[in-house]
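A short write-up of the structure that comes next.
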Amino acid sequence: MTDKIFQEKVGPVALTIVPTQKYKSNKIVFKFRAPLERETLTKRALLSILLETNSEKYPTQTDFRKQLANLYGANFYTTTAKKGNEHVLTVIFDMIDGQYVSDGIHILEDAFAFIEQALFHPNVTNGAFNDETLAREKENLKSSLEGIYDDKIRFASKRLVEEMFRDDEFRFGSAGVLEDIDAITAKDLYEYYLQFIAEDAIEIFICGDVTKEEVLPLIEKMAFAPRAERKGVFYTKEAPKVVRTIHEQQAINQGKLVLGYQTETLFGDDDFVALQLANGLLGGFANSKIFINVREKASLAYYASSRIDSFKGYMIISAGIDEVNYEQALKIIEEQVVAMKQGNFTEDELNQTKEMLINQLLETNDQAQGLIELVYNNVLRDANLDLENWIAKIKQATKEEVVAAINKIKPDTIYFLSKGGEELHGKNHI
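Printed below as a string of structure tokens:
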């Protein structure tokens, strides 16, 4: 079971405890949040890698991992993500609940000691990160970013976002910019680390069988300096009057068609749940209009789906098609959007989509990380959409509300990646 969530400000840190006896492990999550800016983006990506690699006390990766093994096989890792125009660097520590191991009474304290070492005592000499470690991780980051080019589904979605938000910092990926890696020195990165640890907004989440009496003293001991409080930056983009079509070519066998729409709806908005259902009906599930009509009936697509970004307010429709089917596939996809706007779906289809969305939510929130992300989304948007409330809103949503939500979406950009054929770079499509 999950008991009442505890939230309290501890100095500059916003602490949330999600108490539950459901798991045999506890999860500690630190979220560091700063404005999404190209100037700092790649430094943050490199920093996230270095923080999970070594520290002053554990200067090699072997030493670092050995100490985690000593903590009953704990896991420590980092991720980066975009939430609207915020960049979030997440530090995650997974550990077994102390009651399930002998001598486990101090394991929570030991976990915080390890995290404190990793965050506040990085592997630094003479005001610079370790050159050898940084050089290795820069190459690893390059390989990771270059790998996006080889994954054509991801590449096409990336290019669409770059074109849709070409005048917005959101166009950059959360893992950094390939062209910016080489210029970052060990000294540059350490100087940015000092800014990061001093200025980032910090939210800490702990999910497991823990109490505030256990946790508060451990948070209070951490040397986070006072900092200015800041709200997240979340806004939607107005769709252009003329839809842009970008047609690019590479040596590929299967074309990638991606359509971008502005939704004007963000997480926690009154019509957010209705938009989720509209997306599910349009392309979110296997019973959706795009999947059935483009892939199953017309046999035009190898895959076809849609998804929404609820912190930037846009929808992406993706399909893998043969180049010769471009016009027909685009026509059928656009027809499905029109059909949704006209309310061309049944109550049975809506109810089936409601069940699928609820099951998806329950599955996601069956894991500690899913619970934490849900709470975090509510914190960022000052929303009241916990799991129980979310499911209730899904059940209560009407067909009229779903139609109203989908009618807000407006086409922005069409991106097509193909092999051969006429180049249509930057062509306008009305």
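If you count by full-length UniProt numbering, then the sequence shown holds residues 1 to 430, one letter each, in order.
Each residue gets a CB set at the ideal place from its N, CA and C atoms; glycine is no exception.
A quick note: this is a predicted structure, and the numbers were derived from the prediction, not measured.
If you look at threonine 78, you'll find it isn't in any alpha helix (DSSP H); it sits in the beta strand (DSSP E) that goes 75 to 83. For serine 310, there is no enclosing alpha helix (DSSP H), as DSSP marks it with neither H nor E. Note that the segment 283 to 299 does not touch the segment 403 to 418; fewer than 3 beta-carbon pairs, one per stretch, sit closer than 8 Å. The beta carbons of isoleucine 316 and leucine 300 sit about 18 Å from each other, so the pair does not count as a contact at 8 Å.
Taking 7 Å as the cut-off, the Cβ atoms of histidine 106 and glutamate 56 do not count as close.
Restricted to the segment 277 to 359, the alpha helix (DSSP H) segments that are unbroken, complete and at least 4 residues in length are 326 to 341, listed in chain order. Residues Thr353, Ala397 and Val402 of the same chain have their beta carbon placed closer than 6 Å to that of leucine 277, with the five preceding and five following residues left out of the count. The three-state reading of DSSP puts phenylalanine 234 in coil, since its state is none of H, G, I, E or B. Per DSSP, leucine 385 lies in no beta strand (DSSP E) segment and is marked neither H nor E. Relative to alanine 405, the option among Glu327, Asp269, Asn351 and Ile292 whose CA is nearest is Asp269.
For serine 25, no alpha helix (DSSP H) run applies; the uninterrupted beta strand (DSSP E) run containing it begins and ends at 25 to 35, by DSSP. Selection Val324, Glu388, Ile292 and Phe285 evaluated against arginine 307 yields Phe285 as nearest (Cα-Cα).
Taken through DSSP and simplified to helix, strand or coil, threonine 263 comes out as coil. If you compare the alpha carbons of Lys22, Arg38, Val29 and Asn85 with that of asparagine 75, the shortest gap goes to Val29. Taking C-alpha positions only, valine 13 is separated from isoleucine 372 by approximately 16 Å. Non-local beta-carbon contacts of leucine 51 in its own chain, meaning distances under 8 Å to residues more than five positions away in sequence, involve Thr78, Val91, Ala118, Leu119 and Pro122 in chain order.
When DSSP states are grouped into helix, strand and coil, lysine 221 belongs to the coil group. A straight line joining the alpha-carbon of glutamate 363 with that of leucine 387 spans about 11 Å. A Cβ-Cβ distance of about 7 Å is found for the pair aspartate 168 and lysine 237, placing them in contact under the 8 Å criterion. Per DSSP, reduced to three states, the secondary structure at phenylalanine 196 is helical. For the 7 Å CB-CB criterion, leucine 189 and phenylalanine 129 form a contact. Using a Cβ distance threshold of 7 Å, leucine 160 and valine 273 do not count as a contacting pair. DSSP, read as helix, strand or coil, puts alanine 239 in coil. Taking the C-beta atoms as reference points, isoleucine 219 is found nearer than 7 Å to leucine 15. With distances taken between CA atoms, isoleucine 202 lies nearest to Val88 out of Ile414, Val88, Pro19 and Glu213.
The DSSP-derived three-state label of phenylalanine 64 is helix.
Judged by pairs of C-beta atoms under 8 Å, the segment 17 to 27 does not touch the segment 233 to 251, as fewer than three such pairs exist.
When secondary structure is reduced to three states using DSSP, glutamate 214 falls in the helix class. Spatial neighbours of glutamine 7 in its own chain (CB-CB distance under 6 Å, excluding positions within 5 residues in sequence) are listed in chain order as Thr16.
For glycine 208, the enclosing beta strand (DSSP E) has its first and last residue at 201 to 208. Under the three-state reduction of DSSP, aspartate 412 is assigned to strand. Within 10 angstroms of the beta-carbon of serine 418 lie 16 or more other beta-carbons, which makes it buried. Exclusion of the five residues before and after tyrosine 149 leaves Phe155 as the residues of its chain whose Cβ lies within less than 7 Å of its Cβ. A distance below 7 Å separates the beta carbons of aspartate 200 and arginine 33. When secondary structure is reduced to three states using DSSP, valine 124 falls in the strand class. For isoleucine 17, the secondary structure class from DSSP, reduced to helix, strand or coil, is strand.
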